[in-house]
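I have placed the structure first, in the form of C-alpha cells, so that the comments after it can refer back to it.
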Amino acid sequence: GESVGLHLPTLSVQEGDNSIINCAYSNSASDYFIWYKQESGKGPQFIIDIRSNMDKRQGQRVTVLLNKTVKHLSLQIAATQPGDSAVYFCAELPYTDKLIFGTGTRLQVFP
Amino acid sequence: DTEVTQTPKHLVMGMTNKKSLKCEQHMGHRAMYWYKQKAKKPPELMFVYSYEKLSINESVPSRFSPECPNSSLLNLHLHALQPEDSALYLCASSQATGGNSPLHFGNGTRLTVT
Numbered sequence: 024g025e026s027v028g029l030h031l032p033t034l035s036v037q038e039g040d041n042s043i044i045n046c047a048y049s050n051s052a053s054d055y056f057i058w059y060k061q062e063s064g065k066g067p068q069f070i071i072d073i074r075s076n077m078d079k080r081q082g083q084r085v086t087v088l089l090n091k092t093v094k095h096l097s098l099q100i101a102a103t104q105p106g107d108s109a110v111y112f113c114a115e116l117p118y119t120d121k122l123i124f125g126t127g128t129r130l131q132v133f134p
Numbered sequence: 368d369t370e371v372t373q374t375p376k377h378l379v380m381g382m383t384n385k386k387s388l389k390c391e392q393h394m395g396h397r398a399m400y401w402y403k404q405k406a407k408k409p410p411e412l413m414f415v416y417s418y419e420k421l422s423i424n425e426s427v428p429s430r431f432s433p434e435c436p437n438s439s440l441l442n443l444h445l446h447a448l449q450p451e452d453s454a455l456y457l458c459a460s461s462q463a464t465g466g467n468s469p470l471h472f473g474n475g476t477r478l479t480v481t
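Top to bottom, those sequences are chains A and B.
Numbered continuously in this note's numbering, the first sequence closes out at residue 134.
Numbered continuously in this note's numbering, the second sequence closes out at residue 481.
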C-alpha cells in the first residue's frame, strides 16, 4: 500500500554539526512533499515543502532534497542547535488530499 | 504560537460523557482537518472539510461527529468514547484541498477517556 517511511527512528548529533534526516516514499504519483517538526506537547510545525518539479529547495538553515528516481526525500539542517531537538516527520500530499505522514525521526542535539 | 487555536488543551471524560473539541483559524483557509495522534506515532487523518462541506471521512466510528459551522470554525463532538480513543487530537487548516498547499496545525487537545 501507500506509505512514507523513515530509515532511522533516532538521530543524535552534536551542537553545531549538520543533521540529515531521510525519508522514503512509495507513491510515485505524489507531487508535493512537506517536512514537519513536532516538539513535545505541540502540534506539527511546517518547516519546508517541495514540489515534484524541483529536486532541491532551501530555507533558513534547512534544505530539502528530492530524488524521484529512488523515491527519497531528505531534510538537511545546518549548524544544528538545541532548539532543533524534536521529532521530524516527512509527509506526502497526493491528489487524494490525504496527507500521509512518515513514521518520524527523533533528533537529539547534544552540547 | 500557532495560528490554529484548539480548545481545550486537555480533556478528561468518562465513557458516558458528551464533550466537544473546538478549533478556530483566521487565515482565510477553506480546508480544515481533524487528525488523531497516539503516542510516538504519526498523525492519522480522520476528517477533511472543504468549503465547509465534509469531503473525506476515513471510516471513523460514529462516536466521533465533526461539524463545520463556518469557514473559521471546526468542532469534533464526542460521545460514548472508549479508553482506546485517548490520544492527541489535532486540527489543521490549509488554503484549499487539491494538493500543493501545506497544512497548518494547532497544538492539539490531549484527550483522556476513563
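Glycine residues also receive a C-beta, built at the ideal position from the N, C-alpha and C atoms.
Where A:Asp72 is concerned, the enclosing beta strand (DSSP E) starts and stops at Gln68 to Arg74. When the alpha-carbon of B:Gln373 is set against those of B:Gly473, B:Ser387, B:Arg430 and B:Arg477, the nearest one is in B:Gly473.
At a cut-off of 7 Å between beta-carbon atoms, A:Tyr55 makes contact with chain B. With respect to chain A, the C-beta atom of B:Asn474 has a partner C-beta closer than 7 Å.
If you ignore the 5 residues before and after B:Asn442, its C-beta comes within less than 8 Å of the C-beta of Ser387, Leu388, Lys389, Cys390, Pro433, Glu434, Cys435 and Pro436, all in its own chain and listed in chain order. Setting aside the 5 residues that flank it on each side, A:Thr33 is surrounded in the same chain by Arg129, each with a C-beta closer than 6 Å to its C-beta; the list follows chain order.
With a contact defined as Cβ atoms closer than 8 Å, B:Leu378 and B:Leu478 qualify at about 5 Å. The criterion of a C-beta distance shorter than 7 Å is satisfied by B:Tyr456 and B:Lys403. A:Val85 places its beta carbon 7 Å or farther from that of A:Ile73.
Shown here, A:Pro117 sits in coil according to DSSP, grouped into three states, outside any helix or strand. Using a Cβ distance threshold of 7 Å, A:Ala109 and A:Glu62 count as a contacting pair.
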